[in-house]
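I have placed the structure first, in the form of structure tokens, so that the comments after it can refer back to it.
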Amino acid sequence: MEEKKSPRWLIIIAIVLYVTFTALCFSLTSNWRIGFLCIVSTLFGFVLTYGPLGFTCSFRSLTTDGDFKQYRDLLVMLFVGTGLCSLIESIQGLHPLFDPTKTKKFSDSGSPVGVSLVIGSFMFGIGMQLGSGCASGTFVGIGEGFLKAYLVLPFFVVGSVLAVMDPVYKWWSKLPATKEPVQIEFGFTLMIIMALFGLTFISDTIKSRRRQMNSERSHDDFTVMKSLFTIDGPNTKSNDENEEKWYHSIIVGAIVGVILALFYLFNGTMIGITGVLPKVGCAILKKCGVKVDNWVYFQQSPLPKNFLDVNIFDSNIFIALGAFLAATIKGNFGKGQKKGVVEYIRGVFGGLLMGFGARLANGCNIGAMTSGITSSSMHGFVWMACAIIGSLLTCQTDKFIAKKCKKESVNTFTPIL
1 MEEKKSPRWL IIIAIVLYVT FTALCFSLTS NWRIGFLCIV STLFGFVLTY GPLGFTCSFR
61 SLTTDGDFKQ YRDLLVMLFV GTGLCSLIES IQGLHPLFDP TKTKKFSDSG SPVGVSLVIG
121 SFMFGIGMQL GSGCASGTFV GIGEGFLKAY LVLPFFVVGS VLAVMDPVYK WWSKLPATKE
181 PVQIEFGFTL MIIMALFGLT FISDTIKSRR RQMNSERSHD DFTVMKSLFT IDGPNTKSND
241 ENEEKWYHSI IVGAIVGVIL ALFYLFNGTM IGITGVLPKV GCAILKKCGV KVDNWVYFQQ
301 SPLPKNFLDV NIFDSNIFIA LGAFLAATIK GNFGKGQKKG VVEYIRGVFG GLLMGFGARL
361 ANGCNIGAMT SGITSSSMHG FVWMACAIIG SLLTCQTDKF IAKKCKKESV NTFTPIL
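Using UniProt numbering, the first residue of the sequence shown is number 1, and each one after it goes up by one.
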């Protein structure tokens, strides 16, 4: 098989954009250390693309086919990230490395557990399947040159703005919830992740044994176990290739977990993505004459004067740039994307649901689930469960519609005699 290559001009554009935006972050921000933080975000986007590691596809394979392989990669990421972030917090006298005052303390991403969290994460689970990407997946998709991602993002912003409008915000912010974040002991958090990891193996082992009973061929137990780690479909390749993919899958998840911990070590807070999106949308509305500063939401979280001083804003840009670099290196920029009117319509509704849901749940797959779990906060696990249920509803509906359309096409077929 010939190795795919991107045009040189595309690789040059990726490098120039990366260098340009990095220089801007070093020179135009109030804290020049943000430039280093952007390098970490670039690594995050790069590994998600080059690995690859995906949140939406892992939920899709889990809820469509009962395939836990990619979901296990996420659990490896969460296990490593939780362990390292807890280790960082335990070191006395350690401050975030990019804090110029050396007075800032590490703060976790714990949030209360309530009705808005359940509704928001459920909506997000539906939206991420309709939009073919979660929050991080949308920015990664932009970097990979996917047209649908470019459509999803503006509607993601619109959904976020709708959620922070006064009538809407006053409604969901008063829904029943715990007064304080529900924190879990660090060791218990790791035990939950390990238990989920073990349950996926039990489920896959049962399915594997059933397939073996219905198959005329017998497989070696070690080969079957290795196949559970891979992110591919049926075992059609050599043992050496499967062994490589087994290690590759685990290593990618572990690397992303390390990157999450680096972000925490440098910035002092867990990584996030969607928190800045309503501010971006409302900054545009403010330019158009809308008095968004009077909204209750922005009384608590004012609009920034310089978005380059907002770490999440910079991080989002560099996640996309990291994905752009990875896509050009892999030679798959703009390839394998979903197109068509139906897909674009799904993208519009997916973006709206994710934007709205992320505000209700106080975060997305990164800001709520990943950062919540690595902070040993119960809301991260609740977010995961509800988002999986939302994904299950969407994926099974898609599967049902696809089967029905296929059946109708067969029934309406008239053979020519």
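Backbone N, C-alpha and C define an ideal beta-carbon position, used for all residues, glycine too.
- Under the three-state reduction of DSSP, residue 58 is assigned to helix.
- For the pair residue 214 and residue 253, the Cα-to-Cα distance works out to about 33 angstroms.
- Assignment of beta-bridge partners to residue 160 by DSSP yields no partner.
- In the three-state reduction of the DSSP assignment, residue 145 falls in the coil class.
- For the options 32, 82, 62, 18, the alpha carbon positioned closest to that of residue 375 is the one of 82.
- If you draw a straight line from the Cα of residue 109 to the Cα of residue 34, it comes to about 20 angstroms.
- When DSSP states are grouped into helix, strand and coil, residue 177 belongs to the strand group.
- Around the CB of residue 176, fewer than 16 other CB atoms lie within 10 Å, so the residue is classed as exposed.
- As for any alpha helix (DSSP H) of minimum length 4 sitting wholly inside the region 267-316, the runs are 277-287, 296-300, ordered along the chain.
- Spanning the alpha carbons of residue 139 and residue 53 requires a straight line of approximately 14 angstroms.
- In the three-state scheme derived from DSSP, where H, G and I count as helix and E and B as strand, residue 114 is classed as strand.
- Judged by DSSP in its simplified three-state form, residue 183 adopts strand.
- Following the DSSP letters along the chain, one finds residue 374 inside the alpha helix (DSSP H) bounded by residues 371-374.
- Distance from the Cα of residue 173 is smallest, within the candidate group 114, 124, 390, for 114.
- With respect to the 9 angstroms criterion, residue 47 and residue 256 are classified as neighbours on the basis of their beta carbons.
- Residue 170: member of the alpha helix (DSSP H) spanning 166-172, first to last residue.
- Within the region 324-370, complete alpha helix (DSSP H) segments of at least 4 residues are found at 341-360, given in chain order.
- Comparing alpha-carbon positions, the option among 31, 335, 69, 43 lying closest to residue 196 turns out to be 69.
- For residue 107, the three-state secondary structure derived from DSSP is coil.
- Assigned with DSSP and collapsed to three states, residue 391 falls in helix.
- Inclusion of residue 282 and residue 292 in the CB contact set at 9 angstroms is warranted, their separation being smaller than that value.
- Of the candidates 95, 63, 84, 60, the residue whose Cα lies closest to the Cα of residue 268 is 95.
- Here residue 381 really is in contact with residue 373; their C-beta atoms are around 6 angstroms apart, less than 8 angstroms.
- Membership of residue 70 in the alpha helix (DSSP H) is indicated by the continuous run 69-90.
- Using a 10 angstroms sphere on the CB of residue 345, the tally of other CB atoms stays under 16, which defines it as exposed.
- The beta carbon of residue 338 lies closer than 7 angstroms to those of 132, 148 in the same chain, with the five residues before and after it left out.
- Using a 10 angstroms sphere on the CB of residue 288, the tally of other CB atoms stays under 16, which defines it as exposed.
- In the structure shown, residue 132 falls within a coil segment according to DSSP collapsed to helix, strand and coil.
- The alpha-carbon separation between residue 169 and residue 73 amounts to approximately 35 angstroms.
- In the displayed model, residue 377 falls within a strand according to three-state DSSP.
- Residue 263 is not a Cβ neighbour of residue 86, given a cutoff of 9 angstroms.
- Here the alpha carbons of residue 211 and residue 107 stand approximately 48 angstroms from one another.
- Look at residue 51 here: in three-state DSSP terms it is coil, with no helix or strand label.
- By the 16-neighbour rule on beta-carbons within 10 angstroms, residue 383 is buried.
- Between residue 126 and residue 353, the beta carbon gap of about 6 angstroms places them in contact (Cβ cut-off 8 angstroms).
- Here residue 279 is buried. Its C-beta has 16 or more other C-beta atoms within 10 Å.
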